[in-house]
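First up is the structure itself, then whatever we jot down about it.
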Amino acid sequence: MSGKYLSDEIADKHYEEARQCVIAMQAASVTMLQRRFRIGYTSAAKIIDRLEENGVIGPYEGSTPRKVLIKE
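Residue numbers (my numbering): 8 to 79.
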């Protein structure tokens, strides 16, 4: 691999589909992504981080799912 970790590649592969899923469900959590896409914690957490960086979801607020800032 060219300097990328496997979790980065998995996160890249699932990002757009995860983005669409989060917007459609109007909720986002690492656990939801793990179950929906059958991926590990690190990959799911990287997707959540990217969704926040890109303004799709709000910041971490404890144990509740993240707020989705984009409507369908």
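Backbone N, C-alpha and C define an ideal beta-carbon position, used for all residues, glycine too.
Counted within 10 angstroms of its Cβ, other Cβ atoms place Lys53 as buried (16 or more) or exposed: Along the sequence shown, read from residue 1 onward, the residue named residue 53 stands at position 46. Its Cβ being crowded by 16 or more others within 10 Å, Lys53 is buried.
Near Ala51, which residues of its chain fall below 6 angstroms by C-beta distance, leaving aside the five closest residues on each side in sequence? Within the sequence shown, residue 51 is the residue found at index 44, counting from 1. If we look at Ala51 and ignore the five residues flanking it on each side, its Cβ neighbours are Val37, Leu40 and Gln41.
By DSSP's criteria, Val63 is part of a beta bridge. Which residues make up the other side? Counted from its first residue, the sequence shown places residue 63 at position 56. None; Val63 has no bridge partner.
Please classify Ala35 as buried or exposed, where buried requires at least 16 neighbouring CB atoms within 10 angstroms. Position 28 of the sequence shown, counted from the start, is the residue given in the question as residue 35. Ala35 should be labelled buried.
Per the DSSP calculation, Val75 is bridged to which residue(s)? Residue mapping note: residue 75 aligns to position 68 of the sequence shown, counting from 1. According to DSSP, Val75 bridges with Ile64.
Just curious, the alpha helix (DSSP H) that Ser36 is in, first and last residue? Locating residue 36 in the sequence shown gives position 29, where the first residue counts as 1. Neither: Ser36 is in no alpha helix (DSSP H) and is coded neither H nor E.
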